Amino acid sequence: MLEQSRLTGFIDQKSGFTLHYFEGQSVIRDLALIHDIKGEGFHFFRDAVLTFLPLISYLKSGESFGFYIDSKEPWFRFKIEANTQGYMRTLLFPESFDNFPKEINGNCRLTKILPGQREPYNTLVELDNLSITEVSNLILTSSYQVNARTYLSQSSDQSLLIQRLPDRQVDHIDPEERPSLDEFYAQTIKSLSPFLESGDVTFDKLLKHFEKSDFELLTSTEISFKCACSRDRMVQGIASLTRSEGIDGIFLDKDSIETKCDYCKTHYLITKEEILTSLTQ
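The opening residue of the sequence shown carries number 8 in this note's numbering; numbering runs sequentially from there.
(1) When you compare the segment 253-260 with the segment 79-93, are there three or more beta-carbon pairs, one atom per stretch, that lie closer than 8 Å?
(2) Can you look up ALA55 in the DSSP assignment and give me helix, strand or coil?
(3) Which full runs of the alpha helix (DSSP H) of 4+ residues lie inside the segment 125-157, going along the chain?
(4) By the three-class DSSP mapping on this structure, what secondary structure does LEU214 have?
(5) Take every Cβ of the segment 182-200, pair it with every Cβ of the segment 42-53, and state whether three or more of those distances are shorter than 8 Å.
(6) Return the first residue and the last residue of the alpha helix (DSSP H) that ALA290 is part of.
(7) Among TYR75, GLU88, VAL56, which has the Cα closest to the Cα of LEU66?
(8) Work out the CA separation of TYR28 and ARG171 for me, nearest whole Å.
(9) Less than 8 Å between the C-beta atoms of PHE72 and LEU60, yes or no?
(10) Taking the C-alpha atoms as reference points, what is the distance between GLY244 and ALA235?
(11) Could you check how far apart the C-beta atoms of SER12 and SER33 are, in whole angstroms? I think they sit under 8 Å.
(12) Taking the alpha carbon of VAL208 as the point to measure from, which residue in GLY31, GLN161, LYS233 has its own alpha carbon closest?
(13) Are VAL153 and CYS115 touching if we call contact CB-CB under 8 Å?
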């Protein structure tokens, strides 16, 4: 049985780097069961999820984020939402998408929801011939303004988010002697790869491995798929549509319609009477 997916953060005080390791096998398995995406399309979906979920590490207590990619060439929509509790949901549309785009053209919207604030914080980033990891790295540098990169495993459902702390925060080493992000990643993965490829990776063993490499534990969060959809929300959404389309434009002389959540594929049978009641409240 797979262990629950987990995002675990460490710090290397000596070199001045933080590292967040995302073990995503159970999340990717769940997505494969929920979404009917095949072939290269699912490989891209996997990489996108592994790329963006480690950014949960930048959320403060009670916060949540959403990343929404609207790609013009090739045409697709990718959405992923997550919060500090470790709950996430995601989709790739259309589900018939069977392509692994090396370059994405369009835009990516970052929405950050802060507790106590009515309006979310939004950032729009233009995408010009960028890979999915380059999209994430652009957001890290432009929106989060940190010197960080995401690295994906090509052999397993895992990823690393590495951040190089500012020189002023590392007072016991000459800035000229500090490794770059890529150099630090190469050093880390050299010892980490054999451990991961052993096939016997548990959370406790992961902690021991990093402790031996002079990393200190910062935080650890279990990550799982959980959709926030509900019947009430679906009714509210359809009621909103009827205000512009009209009740007959939605129901087409039927007494009920079946709707489906694009994130979790839950079906809801919504009646015309429910919508009419909602519109009068």
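We put the CB at the ideal spot given by N, CA and C, even for glycine.
Please read these numbers as outputs of a predicted model, since none were measured by experiment.
In short:
(1) Result no; under three Cβ-Cβ pairs closer than 8 Å.
(2) If DSSP states are grouped into helix, strand and coil, ALA55 belongs with the helices.
(3) Unbroken alpha helix (DSSP H) runs of no fewer than 4 residues, entirely contained in the segment 125-157, are found at 139-149, following chain order.
(4) Helix, per DSSP.
(5) Not touching, per the Cβ criterion.
(6) Absent from the model: residue 290. The displayed extent of the chain is 8 to 288, so no value can be given.
(7) Of all alpha-carbon atoms in TYR75, GLU88, VAL56, the one lying nearest the alpha-carbon of LEU66 is that of GLU88.
(8) In this structure, the straight-line span from the alpha carbon of ARG171 to that of TYR28 is close to 15 Å.
(9) PHE72 places its beta carbon 8 Å or farther from that of LEU60.
(10) Cα-Cα distance, rounded: 14 Å.
(11) Indeed, because the Cβ distance is near 5 Å, the residues count as touching under 8 Å.
(12) Closest by alpha carbon: GLY31.
(13) Contact annotation: VAL153 and CYS115 have beta-carbon atoms that are not nearer than 8 Å.
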